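Just below is one structure, and these are the notes that go with it.
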Amino acid sequence: MNSRRQFLKISSLSAAGLIFGGGLLDAFAENLVKKNPSHFKGPFDFVRTPTYCEVCFWKCAGWVYKDENGRIKKIIGNNDDPNCNGRFCPRGTGGVGMYNDEDRLKTPLIRTEERGEQTFREASWDEAFDYIAAKLQKVKKEHGPESLALFSHGSGGKYFGKVLKGLGSNNIAAPSYAQCRGPREVAFLATYGQGINSPENTDIRDTKCLVLIGSHLGENMHNGQVQEMSDAIDKGATIITVDPRFSTVASKSKFWLPIKPSTDMALLLTWMNVIINEELYDKKYVEKYCYGFDQLKEHVQQYTPEWAYGVTTLKPQQIRETARAMADAAPAVIVHPGRHVTWYGDDTQRLRAVAILNALLGSWGRRGGYYNPEKASVPHFKLPDFPKPSKNWRDAMGGKYELADLALASGVCDASIPSPEMSCAIKAWIVNGTNLINTLPNQANTLKAIQELDLIAVVDTMPMEITGYADVVLPECTYLERYDSLRVSQGREPSIALRMPAVDPKYNTKPAYWMAREIAKRLDLLDYFPFENLEDEIDWELQQVGTSLEEMQRIGVKRIKREYDDLYFEKNEDIEFDTNTGKIELYSTALAEEGFEPIPVFVQHPEPQEGFYRLIYGRAPMHTFSRTANNPNLTDLMDENTLWVNPKVAKEWDLKNDQYVYLENQDGIISDFSIKVRVTERIRFDSVYMVHGFGHADKRMKRCFGKGISDTQLISNVMIDPIMGGTGMRGNFVTFRFDNKKEA
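Each residue of the sequence shown is one higher than the one before, starting from 1 at the first, in full-length UniProt numbering.
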């Protein structure tokens, strides 16, 4: 009898496989599953749940599968998703670790002692919301709505942003702008009248030459770009990597240029010199589309390869050979704009040089260069108008950084420290999904700002360092346990993706939408949240674009046909760029109007004193910033960072592989924890390197507490970009210590 039952179970599973695989009516298959639930479990659970990843900004769409006990088993890519093409990176597949992490925040908390003491009591959701709403109303009444601010990195920012805007503030900042990509957006806007955004519109798939300047593709897992780069290499594309470190992608490159740190601008200007003087630039393209070529030609004459040799340590022949390799591939060439580009304080100008170089090679709007991205147009439900703010973060800083097109997280932080120069001060923060202690440079400044606040409410899934300074901690469920707004990505073709809960929230955790709506209810702002449930709002939006929530639950991703066939410029097509001149501005009139150099100029940056080395940091393919350092799945792959040290330096200091050392920076700041030395020829003698995101000091995260060093702790010298306020963080130098005792 048991054998017969087992045979019937297998037969039922086989029938279901035929139904699903054979393309018969989905409804019939769904009914079969519902009527025979015990037969459809484990690897045969066809009721898969769509999601898009929250581990990094790429937001790859995928499917969540559960085992026979209803527990999440695995996450895999959605084959229809243009962001991932069905393949997840290690971070994405390890996302289930966020759900299973027993160190997660579990219930709302209210602080009982002074900020930073990590002393809290458990609270109900109602008590937590009442506390936050009362404080927000009090701060608004006493200081005005412009004294409220939101820091966000993640999906929940949209919902808390509605609360803030409803109160009359638009001080909404993402650290990813001022601390990461802001300079490139301003630079490309000044050059092409168009930013890069995410995912970047780089046509790596069809490129013949890819130039990477400090971009660690393969370590920084920008999924779609890594896949396309692999395909391009297979097709014989030339890779040129400029990096003081022999990175993973440098090992795949035809040319590795181990440049002296802080001299990248010199190389870019010298490449222009060679390309112009050897007449390797795209003459027809430049004549038709560009403004300011004559001024640029005259300007770069001073930057010869022989001059650059003394600055960059790169030989003149290397510079000429790589410039010619770019020109040989043009216009199918990409000088990649990078992602984390806040380095030395002249970052907008350095990215301007990148944009200009691409224009000289004729790559913008051309196959194998930069394509014209398109984004799906998804209507949103009409909300009442938000109150118009009378002031914002920029006013609080004296009107600086007019060219910054988004709020600066560092600017909002600075505006929270009272100063006679400020017309207003920010007094309340909501922090959603970003660990500001390890995100913003100059930790002392961040902590000073926090102590000046009347309210800091933190929304997170994990007890990151920032939660220790909160007045109220709101535990968010992970992305695997909630609905979030549709992912609407730009790309070669528009696409939308759905995230829905695969399981019920663990512990006493809730989604950000519900939290924001409950706070809005207490502030009489429910008009901005007309849908009680986020899934109802998503369904309404999907119906406006000809689909539905029910369909998206089945397919996960929907591709939308481009409205026009304008992926690349047509031959001799007339194009008007959104700049002052209507052309690609090699000479920037917008920068000139603001009093900045219209063409980039090389500026010498400070160098380390004897016994100190430039601190360089980067990413690892299995971790995203500090967000994943405690993830049980990803910690198994990498549980601490190491310090790359050149053998020459190791010999001088008598350092050995796997020896632990502390670091002290130029301002006398000593790391709280130690780091393991890795002696390697893959780093220049004037620099050391570590992966960002380690050295956590919150003991509640048991797996990552005290593992490795936090580079942020040692970044006290911040080189501010005068054009848009980006925080240059690579002007910090460290030396070795064998203990971390402070000297008397």
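In this text, a Cβ means the ideal position worked out from N, Cα and C, and glycines have one as well. From a predicted model like this one, the values you see are computed outputs, not experimental measurements.
Length of the line joining the Cα atoms of residue i and residue j
i	j	result
Y587	L403	16 Å
A629	D282	47 Å
E200	Y479	24 Å
L498	K73	20 Å
P384	K165	11 Å
S674	K707	8 Å
R205	W343	28 Å
W63	G556	8 Å
N580	A590	7 Å
G468	A133	20 Å
H222	W58	6 Å
P316	T248	25 Å
Y660	F738	8 Å
G433	N533	21 Å
P50	D539	15 Å
K741	I670	8 Å
A128	P494	40 Å
I417	W393	12 Å
F625	L542	33 Å
V431	R71	30 Å
L13	I75	Its pLDDT being 32, under 50, L13 is placed unreliably by the model, and nothing is read from it.
Q227	E585	32 Å
G362	A428	48 Å
T735	G668	10 Å
N171	V412	7 Å
P475	L109	8 Å
D536	R487	16 Å
Terminal residues of the beta strand (DSSP E) in which residue i lies
i	result
V645	642–645
residue 778	Since the displayed the chain opens at 1 and closes at 744, residue 778 lies outside it and no answer follows.
C477	No beta strand (DSSP E) contains C477, which DSSP labels as neither H nor E.
Y662	660–665
K558	557–559
F293	That residue, F293, is in no beta strand (DSSP E); its alpha helix (DSSP H) goes 293–299.
V333	333–335
T735	733–737
K676	675–679
Environment of residue i [buried if 16+ CB atoms lie within 10 Å]
i	result
S147	buried
G156	buried
S124	exposed
E114	exposed
P530	exposed
L573	With the sequence shown as reference, residue 573 is identified as Glu, and Leu is not the correct amino acid for it. By the neighbour-count rule (16 or more Cβ atoms within 10 Å), E573 is not buried but exposed.
K558	buried
A512	buried
R482	buried
H692	buried
Q609	exposed
Beta bridge counterpart(s) of residue i as assigned by DSSP
i	result
I616	Y689
S489	S495
T202	Y370
G62	T51, G77
K707	Beta-bridge pairing links K707 to no other residue.
A457	I430, V472
L257	V242
residue 820	Missing from the structure shown is residue 820; the chain here goes from 1 to 744 and no further.
G728	M719
K510	E476
I584	C290
H623	A620
is_contact[residue i, chain B] using C-beta, thresh 8 Å
i	result
A329	The structure shown contains no chain B; it holds only a single protein chain.
Start-to-end residues for the alpha helix (DSSP H) that takes in residue i
i	result
L167	157–167
C413	409–414
K135	125–143
Point to revise | Sufficient close CB pairs (3 or more, under 8 Å) joining the stretch 687–703 to the stretch 636–647 | key: Judged by Cβ distances under 8 Å, the stretch 687–703 makes contact with the stretch 636–647, as three or more pairs qualify.
Query raised in the report: How do the stretch 451–464 and the stretch 125–143 stand: do at least 3 beta-carbon pairs fall below 8 Å, yes or no?
Result: With a cut-off of 8 Å, the stretch 125–143 and the stretch 451–464 count as touching, because enough Cβ pairs lie within range.
TODO: Please determine if the stretch 203–219 and the stretch 296–313 are in contact, where contact requires at least 3 C-beta pairs separated by less than 8 Å.
DONE: In short, these stretches do not touch, since the Cβ pair count stays below three.
Within the chosen definition, does the stretch 98–110 reach the stretch 496–516 through at least 3 CB pairs nearer than 8 Å? In short, these stretches touch, since the Cβ pair count reaches three.
Cβ pair count under 8 Å reaching 3, the stretch 178–187 against the stretch 329–341: Yes, the stretch 178–187 is in contact with the stretch 329–341.
Quick check: the stretch 440–447 against the stretch 71–86, are there 3 or more CB pairs under 8 Å? No: fewer than three Cβ pairs fall under 8 Å.
Exercise for review: For the stretch 542–550 and the stretch 257–276, state whether three or more C-beta atom pairs, one from each stretch, are separated by less than 8 Å.
Suggested key: No, they do not touch.
### Message
Contact between the stretch 279–295 and the stretch 376–396 is defined here as three or more beta-carbon pairs at a separation below 8 Å; is this criterion met?
### Response
The answer is no - the stretch 376–396 does not touch the stretch 279–295, with fewer than three Cβ pairs under 8 Å.
#### Entry: Segment contact, 8 Å Cβ cut-off, at least three pairs: the stretch 189–198 with the stretch 347–366
The stretch 189–198 makes contact with the stretch 347–366; the number of CB pairs closer than 8 Å reaches 3 or more.
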